[in-house]
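Residues 1 to 196 in the UniProt record's numbering are what the sequence shown lists, from first letter to last. Where a beta carbon is used, it is the ideal one built from N, C-alpha and C, also for glycine. Please read these numbers as outputs of a predicted model, since none were measured by experiment.
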Amino acid sequence: MQERPEPRLVDDVATLKALADPVRLAILSVLRRHDPQPLTAKELATELDEPQTKLYRHLKQLEKVELIEVAGTRLVSGIVESRYRARQTGLSLAPSIFAAGTPERPEALAALLAAMDAFRRDFEQDFLNDRIDLTLPEDGAPGFFAHSTFRLAPEHAARLRVGLRELLAEATRDEVGPEEDGVEVKLFAILYGGQP
1 MQERPEPRLV
11 DDVATLKALA
21 DPVRLAILSV
31 LRRHDPQPLT
41 AKELATELDE
51 PQTKLYRHLK
61 QLEKVELIEV
71 AGTRLVSGIV
81 ESRYRARQTG
91 LSLAPSIFAA
101 GTPERPEALA
111 ALLAAMDAFR
121 RDFEQDFLND
131 RIDLTLPEDG
141 APGFFAHSTF
151 RLAPEHAARL
161 RVGLRELLAE
171 ATRDEVGPEE
181 DGVEVKLFAI
191 LYGGQP
C-alpha cells in the first residue's frame, strides 16, 4: 500500500497562484475525497460538472506546482489516459507570506479568498441538498456553527491557536479510509488577531 502523503505548507508564489482558482481548488477537493483512489480527467469532469477539456489546463498547473501527481496511465483508444491523485493530505499557508511588504502577500490573499469562496459554495450546495444537519442529531454526527469576535490576553490567544492546531492534527491522524465506516467532516477555520 502506498504511504500516506503529508500535509503541505505553502510559501511560494507559484503554488499560491495555482490555489487562487476555484476550479483547481475543486479538483483538489475531489481528489482528496477519493483518496487513495486516483481519478481520470473524465471522472473529475463528471464529478465537478465541468467540460473535460477545460480541466486539462488546470490539471497541468496543479501538476507543475506538485499539488497533484500522475498516479498511473493507460492507453484508451490510442490516447494516453492519466489518473491523478493529490500529493498531500492537506494544505496550510505559511504565516510568513501574509507579512506586510512580502512579494507573496497579494497571492496569499487571493488563495485565501478563493478557499473561502469554495467553502461557501460547497456549504450552500450541501445545505440546499439537505446534506447538512446543524441540530446535532441523535446519531452524534457533527454539526456546529460559530462566528465570534472576542478579546483575549495575548497568551490566551496563543494557547487557543496552539490548541486548535493540535486538535486539527489529531483529527487528521485519526482519519478513517473510504473503506471504513465514517462521516465526512468539513472544517474551515481562520483565527487572527486584529490590531486595535
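Validate contact between the stretch 95–105 and the stretch 42–59 using beta carbons, cut 8 Å, 3 pairs: no
Exposure of Ala171, with buried meaning 16 or more beta-carbon neighbours within 10 Å: exposed
Sub-9 Å separation of Leu31 and Arg85 beta-carbons: Yes, the pair counts as a contact, with Cβ atoms nearer than the cut-off.
Start and end residues, beta strand (DSSP E) containing Ala72: Per the sequence shown, residue 72 should be read as Gly rather than Ala. Counting along the chain, Gly72 sits inside the beta strand (DSSP E) bounded by residues 68–76.
Given Arg161 as reference, the closest of Phe119, Ser77, Tyr192 once Cα atoms are compared: Tyr192
Backbone secondary structure at Val10 - three-state DSSP: Strand, per DSSP.
Under the three-state DSSP convention, the category residue 197 falls into: The displayed coordinates of the chain run from 1 to 196. Any statement about residue 197 would go beyond what the structure contains.
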